[in-house]
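The structure appears right after this line, and notes come after that.
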Amino acid sequence: MLSEKALELIKELDRSKDGKLPAFNEDIIRKVLEEMNTLFQQNQRDVGEAAAGEIRYFPSIHLRHAALDRNKRCLLAYLYNRLERIRAMRWEFGSILPADIRANLCEPETQWFNRYNKNLASYMRSLGEAGGLDLTQDTKPPKNLYVEVRCLRDYGEWEVEEGDTVVLQKDTTHYLPLAACHHLIRQGVLEQVE
Amino acid sequence: MSDNEEDIIEGSDEEGEAMTASEVLQKLEEAWITERMSPTLEKHQSELVDCMLDQINQMSENLKRCKKYDFRLAIHKMEIDRIRYVLSSYLRVRLEKIERFAHHLLEKQTNLSNEDLSILSPQEAAYAKDYASSLEAHFQNLVLQHVPENLRTFDRGKMSVKPNLDSYVFLKVKQATPGVLLEDDTGEGRDEEVDFKEGSQYLMRYKPIMELLQSGAVTLI
Amino acid sequence: MSAALHYPSYYPSYFSIEDILATNEKVPCKFEKTACDLGFLDPSGGSKDLEVGTKLELPCWLARALASRRQIVSCQLPKTFRERYREILKADAALVDLHTLSPHFYELGQHLLPLAGPEGTTLGLLLVETLRERLRSIMDTSLNTTEDDAGTRQSKLDQLERSLFLTGRKTFRDHQLWLSRRAHIVTTSYMVTQHNKRKFSEVS
Amino acid sequence: MDSIEIEFLAEKAPVTIVPNFTHDKLYLISGDVGPFTAGLPVDIPLWLGINLRQRGKCRLVAPEWMDVEKLTEIKEEEKQSKVFTQMPCEHYLIVTQLLLSSAPEDIPNAQQIKTLVKDIWDLRISKLRSSVAEFIESEGTHATLDRLTLLEINSVRPFLPHAFDQLHRISKSAHGSNLSQTTQDIQY
């Protein structure tokens, strides 16, 4: 059936839910684009015939046109849903993605990610008059200023606040201001214990 | 630390009267809940946001002069954290909607007669524009420029994602409003009228109460 | 999933994966006009054209495009939506294994409405009534039961019902976590955790 | 909203404390609190009360309704009544949880209070579930939820509004009056 290749792209995304991102499938995209060009050329030819009075070509023209639209929809939906996941990653991983995830992005996606990063950063900087507001922080309503945290891996020396540093060594526990160590918890360096 | 009990700050409600910081905070919290519960993007409240950001920044500055063991320090810091949480959560949920409905919102924006009616703040509008055009550029780059000529357009009418204004919401009535019309749009011709009593709570579609929400007769809960 | 604050219910858009999958379900069609040079689409026929009278199962998106304007094809409802199954659904809506019957029951059903002809009204009613009948038990199991029971229950739901069910589950878990006074603890990002798990399993 | 966010809203409600210190008024952004005089009860926001209690600076005072006799009465009334009765506090479960987890020794009959409040919650939630079921079957287009508290409403959210969104969307396409967004996309 027509447009079956294009559907494979959608099924691929459907199978890898949970925010995972499979490698960019350039191969199938190319095949879909080829199918589209073939369908288009056949339609060009038949449209020529139809213009010369051969109305019997209309059903085929119509059918191929529907398939062309369907292919376009699948391709754009593939790109769109991937960008949505890449966007979510900015909020979860931060502005630098782990290397193995980066490897699954195609070059234009990496560029898009960088542009998203930049746009977000300049929006956050523009808030208020004193240097902006980091919206990736404060993910939960605050309870206490200080929290007890356990270190999940060696991270080395880290500056809590101006001039105040601690050494974050695996399995050590610390009592730190949540506002300062929030992003280390989100990134899996520290774990909040209670 | 602000030692002035009558700490009146700039910022204005409909009557143009100055509001106290605590009134601004109250309004911001209401706007936050409404934004969380509404299916669409509500009108921006950047005056409230700017004012509160200013307040917590000023307070943080003042706290630097406090002695480390000042009894009040932790209390003020906690309050700053609480306010910053509301601000962040409010602005985050707006960003989520702005991204999702970017094209739709920008189109509404261009059809505006008056800038005061703008739903997006100037910063948000800039953000939405860049976001929408980054999507289009990406589509162009990887797909649209490679497809047959008659399929190369990014058709906004068909493709832009729109909010579902038929979404059901919970609401509380602030001002009694008789005869609220719930039009039946499923074609069964069962229009209904409901008398909103003050303090009553309902679950109903967003669209019929959109204007009452804007006028303040109801709030989303 | 992540820190999403705005969770609208399912509402199809041009980019919906769900909608694209639902519209791929097959619909029995008969060609009312000859489609030149497209004989290859019929795996059983060997002719160059798709002749008038050819019966073929087409994906819903194509069936709709061909049936709508020039009536190139006429369509039949897929069997799940025909009378025999409608009777079964009417009699015992709450118990039917809808997932096996049609994984995109409600979405496909809605796309079939314009193809249903005089049966349209009955089909429309069937969709609304089936969901209404089943909601109670979806709500009760999603908001109450243990994880095991929930799993069994979920397997018999269509895609749309599943999304409702998972919505209820999330609320249930959130409330349990809150009751245990652990809801305020800041945790590692979901994606970071998943990523670390994958990395770990690759190493070991 | 998550339960934790409703708790955040509930933490703005006032609670009475008896401080063991004396201090001038505090000028918070959200409003002034105090002054504090050792031994004299004063009303302050719950979040602050709990913080001061954790720091050993005060004793919490149980709200008037947090009383075995009163709660037993409320429970009986809720049992007898077909409709939801008026709760003495918009955030009764949250306030109970917060006070009992941070200072059980400040609340007389803490264990009994906990059980009673849990019973009241359970009664109301099961009442809510059956009225939701009735509402679904009634084919109504809107529901009244008078006297339900925010956390109770949240226990059926977003399931209930989402379920109605879907019923509505499907009815709408069923009546063909207004084809949904994608139905049109595929149409041509």
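Chains A, B, C and D, in that order, are what the protein sequence lines are.
Everything in the first sequence is counted per full-length UniProt numbering, starting at 1 for the first residue and increasing by one.
Everything in the second sequence is counted per full-length UniProt numbering, starting at 1 for the first residue and increasing by one.
Everything in the third sequence is counted per full-length UniProt numbering, starting at 1 for the first residue and increasing by one.
Everything in the fourth sequence is counted per full-length UniProt numbering, starting at 1 for the first residue and increasing by one.
Note that beta-carbon positions come from the ideal geometry of N, C-alpha and C, so glycine has one too.
Item: Cβ-based burial, Pro161 of chain D [other Cβ within 10 Å; buried from 16]; Value: buried
Item: Where the region 9-32 of chain C meets chain B: residues whose CB sits under 8 Å from a CB there; Value: Ser9, Tyr11, Ser13, Tyr14, Phe15
Item: Any C-beta of chain C under 8 Å from that of Arg82 of chain B; Value: no
Item: Residues in the region 85-102 of chain B having any Cβ partner in chain C nearer than 7 Å; Value: Ser89, Arg92, Val93, Glu96, Lys97
Item: Pairwise C-alpha distance: Phe105 of chain C and Glu25 of chain C; Value: 10 Å
Item: Residue interval of the alpha helix (DSSP H) (run including Ala35 of chain C); Value: Per DSSP, Ala35 of chain C belongs to no alpha helix (DSSP H) and is neither H nor E.
Item: Interface residues of the region 54-70 of chain B facing chain A [CB-CB below 7 Å]; Value: Asp54, Asn57
Item: Sheet register partners of Gln201 of chain B (DSSP bridge); Value: B:Lys172
Item: Residues that His23 of chain D bridges to, as DSSP identifies them; Value: D:Phe36
Item: At least 3 beta-carbon pairs within less than 8 Å: the region 143-154 of chain A vs the region 166-174 of chain A; Value: yes
Item: Three or more C-beta pairs below 8 Å linking the region 136-155 of chain D and the region 155-165 of chain B; Value: no
Item: Neighbourhood of Ile88 of chain C by C-beta distance below 7 Å, restricted to the same chain and skipping five residues each side; Value: Val96
Item: Residue span of the alpha helix (DSSP H) that contains Leu127 of chain A, given as start and end; Value: Taken as a continuous stretch (DSSP letters only), Leu127 of chain A belongs to no alpha helix (DSSP H), as it is neither H nor E.
Item: Identity of the residues DSSP links to Val167 of chain A by a beta bridge; Value: A:Glu157
Item: Under 8 Å between C-beta atoms of Lys30 of chain C and Lys55 of chain C; Value: yes
Item: Partner residues on chain C for Val132 of chain D, Cβ-Cβ distance less than 8 Å; Value: Met139
Item: Pairwise C-alpha distance: Pro104 of chain D and Met66 of chain D; Value: 12 Å
Item: Secondary structure, beta strand (DSSP E): runs of 3+ residues fully inside the region 25-111 of chain C; Value: 26-31, 55-59, 73-75
Item: Opposing strand residues paired with Tyr85 of chain B [DSSP bridges]; Value: Its beta-bridge partners do not exist; DSSP assigns none.
Item: Contact check, Arg64 of chain A vs Leu33 of chain A, beta carbons under 8 Å; Value: no
Item: Glu7 of chain D classed as buried or exposed, judged by whether at least 16 other C-beta atoms fall within 10 angstroms; Value: buried
Item: Under 7 Å (Cβ pairs) to chain B, residues found in the region 59-72 of chain A; Value: Leu68, Lys72
Item: Length-filtered (4 minimum) alpha helix (DSSP H) runs lying within the UniProt domain "GINS subunit" (67-142) of chain B; Value: 71-100, 102-110, 122-142
Item: Same chain only: Cβ atoms within 8 Å of Ser89 of chain B, ignoring 5 sequence neighbours per side; Value: Trp32, Arg36
Item: Reduced DSSP secondary structure (H/G/I, E/B, other) of Lys85 of chain A; Value: Looking at the sequence provided, one finds Arg at residue 85 of chain A rather than Lys. Here Arg85 of chain A sits in helix by DSSP.
Item: Straight-line Cα distance separating Ala121 of chain A from Val33 of chain D; Value: 37 Å
Item: Local Cβ density within 10 Å of Ile98 of chain B, reported as buried at 16 or more and exposed below that; Value: buried
Item: Reference Ala163 of chain D, options C:Ile138, C:Pro114, C:Thr80, closest by Cα; Value: C:Ile138
Item: Below-8 Å beta-carbon distance, Pro163 of chain B vs any chain A residue; Value: no
Item: Nearest candidate by alpha-carbon position, reference Gly199 of chain B, set B:Leu73, B:Glu211, B:Thr40, B:Lys174; Value: B:Lys174
Item: Contact set for Leu126 of chain C: own chain, Cβ-Cβ below 7 Å, skip 5 residues either direction; Value: Arg86, Leu89
Item: Assumed close pair Leu143 of chain C, Phe172 of chain C - CB separation to whole angstroms, cut-off 8 Å; Value: 5 Å
Item: Beta-carbon neighbours of Glu152 of chain D, restricted to chain A and to distances below 7 Å; Value: Going along chain A, no residue has its Cβ under 7 Å from Glu152 of chain D, so there is no contact; the nearest lies around 19 Å.
Item: With 16 other Cβ atoms within 10 Å as the buried cut-off, status of Asn81 of chain A; Value: buried
Item: Cut-off 6 Å between Cβ atoms - residues of its own chain near Asp195 of chain B, not counting five sequence neighbours on either side; Value: Pro178
Item: Other residues of its chain near Glu10 of chain B: CB distance less than 6 Å, five sequence neighbours each side excluded; Value: Below a pLDDT of 50, predicted positions are generally treated as unreliable, and Glu10 of chain B, at 49, falls in that range; no measurement from the model is reported.
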